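J.: Structure provided below as structure tokens; questions to follow.
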Amino acid sequence: MTVRLSSPAHANAPIVALHSSASSGAQWSSLGEDLHGRFDVMAPDLPGYGAPSLDDAGSAGTQPIAERIVRQVETFGVPVHLVGHSFGATVALKIALMRPDLIKSLTLYEPAAFHFLQWGGEEELRLGTTIKAVRDALAAHVAEGAPEAGMRAFIDFWNGAGAFDSFGSKTQERFAAMAGSILDDFACGFSESWTLEDLSALKMPTLMMMGMESPAIAQHVAIEIAGAIRDARLAMLPGLGHMAPVFEPGWVNPRIFEHIAGTERPVANCYWPERSAA
1 MTVRLSSPAH ANAPIVALHS SASSGAQWSS LGEDLHGRFD VMAPDLPGYG
51 APSLDDAGSA GTQPIAERIV RQVETFGVPV HLVGHSFGAT VALKIALMRP
101 DLIKSLTLYE PAAFHFLQWG GEEELRLGTT IKAVRDALAA HVAEGAPEAG
151 MRAFIDFWNG AGAFDSFGSK TQERFAAMAG SILDDFACGF SESWTLEDLS
201 ALKMPTLMMM GMESPAIAQH VAIEIAGAIR DARLAMLPGL GHMAPVFEPG
251 WVNPRIFEHI AGTERPVANC YWPERSAA
């Protein structure tokens, strides 16, 4: 399902917002409500979360997912403001690399793009080993027929120890049902081949956000990607974690709006003329 939140007629470019793993397009409902009357928001479900799963997840990286979104974006007939969170931000980066002509601005919250860590130094390799251990634990539990245990490891990694158990049984069951889709997301992400140098070709206005309470790997990846994109801004948000777009939209959505509005209607900087002393 694709969530579409339309507003009365206006001239602003639409927003396309891509959700994280273990979520759906509905995670952006509050963004659509906050921007009602100013922007139309389209938030499609990604494969495995409402949209059909990929036939061979991972073999071509995120490109098959990006191509699906590109086809939807093309229906607008104008460049869009592209927003992505976690795995959705990874897909957003792929779209920006494939079709920069379709993107008016790019807003990212902690992309789950870990493949380039394999080409880094000792710290990058250590961080890559950490996230692969999370993936491997999830895969092992799924293979054993215990997806809830795997999702406990996954959810707690991103949100802190005890996070999974803080949810009700129905929510835990829903998360467990998504375990296979999350493994597909890992496969797609680790199959990517773009480099940080490739990102230097991106010229659209870009905002990268990261939570100061997020895992070290999320912060490291966000900083590296922001540094690679020409003139990208990096917003470090105190007190927020990796899932802030879902659990703390009141702190995240205004920053999305500020970036998009600044691109849509740039302000004119005014300066007082120099005054000579009397």
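Numbering (UniProt numbering), first residue to last: 1 to 278.
C-beta atoms are modelled at their ideal positions from N, C-alpha and C, and glycine is treated no differently.
All of these numbers come straight from a predicted model, not from anything done at the bench.
Taking the straight line between their C-alpha atoms, what separation do you get for Lys104 and Trp272?
T.: Taking the straight line joining both Cα atoms gives about 32 Å.
J.: On the premise that Val80 lies in contact with Leu18, defined as a C-beta separation below 8 Å, what is that separation, rounded to the nearest angstrom?
T.: That belief does not hold up - the Cβ atoms of Leu18 and Val80 are roughly 11 Å apart, past 8 Å.
J.: Ser59 and Ser191 look like a contact to me (Cβ under 8 Å); what is the Cβ gap, rounded to whole Å?
T.: 7 Å
J.: Looking at the structure shown, is Ser181 part of a helix, part of a strand, or coil, going by DSSP?
T.: helix
J.: Which same chain residues, not among the five before or five after Glu264, have their C-beta less than 6 Å away from its C-beta?
T.: Closer than 6 Å at Cβ, skipping near neighbours: Asn12.
J.: Quick check on the DSSP output: the beta strand (DSSP E) that includes Arg233 runs from which residue to which?
T.: 233–237
J.: Quick check: the Cα distance between Ala51 and Met42, rounded to an integer number of angstroms?
T.: The alpha-carbon atoms of Ala51 and Met42 are separated by roughly 14 Å.
J.: Alpha carbon to alpha carbon, how far is Leu234 from Ser200?
T.: 15 Å
J.: For the region 61–149, list the alpha helix (DSSP H) runs that are entirely contained and at least 4 residues long, ordered along the chain.
T.: 63–74, 87–98, 122–143
J.: How would you call Trp158, buried or exposed, if buried means at least 16 neighbouring beta carbons within 10 angstroms?
T.: buried
J.: Checking the sheet assignment: what are the DSSP bridge partners for Thr206?
T.: Leu106
J.: Taking 8 Å as the cut-off, decide whether the C-beta atoms of Tyr49 and Ser86 are in contact.
T.: no
J.: Taking DSSP as the reference, what is the three-state secondary structure of Ile229?
T.: coil
J.: Less than 8 Å between the CB atoms is what I'm expecting for Ala96 and Met204, so what's the real figure, rounded?
T.: 7 Å
J.: Measuring straight from C-alpha to C-alpha, what distance separates Asp231 and Glu144?
T.: 47 Å
J.: Helix, strand or coil, according to DSSP, for Leu199 in the structure here?
T.: helix
J.: Whose CA, out of Ala216, Pro266, Arg255, lies closest to the CA of Arg35?
T.: It should be noted that the sequence gives Leu, not Arg, for residue 35. Nearest of Ala216, Pro266, Arg255 to Leu35, Cα basis: Arg255.
J.: Measuring only the C-alpha atoms, how far is Gly162 from Met243?
T.: Straight across, the Cα-Cα distance linking Gly162 with Met243 is about 15 Å.
J.: Report yes if the C-beta distance between residue 284 and Ile225 is below 8 Å; otherwise report no.
T.: Since the displayed the chain opens at 1 and closes at 278, residue 284 lies outside it and no answer follows.
J.: Given Leu125, which residues of its chain have a CB within under 8 Å of its CB, disregarding the five upstream and five downstream residues?
T.: Leu117, Gln118
J.: Report the residue from Gly227, Met178, Asp185, Ile182 whose alpha carbon sits nearest the alpha carbon of Glu197.
T.: The residue with the shortest Cα to Cα distance from Glu197 is Gly227.
J.: Which residues in the same chain have their Cβ closer than 7 Å to the Cβ of Gln219, if we skip the five residues on either side of it in sequence?
T.: Non-local beta-carbon contacts of Gln219 in its own chain, meaning distances under 7 Å to residues more than five positions away in sequence, involve Met210 in chain order.
J.: Please confirm whether Phe167 and Asp156 have their CB atoms less than 8 Å apart.
T.: no
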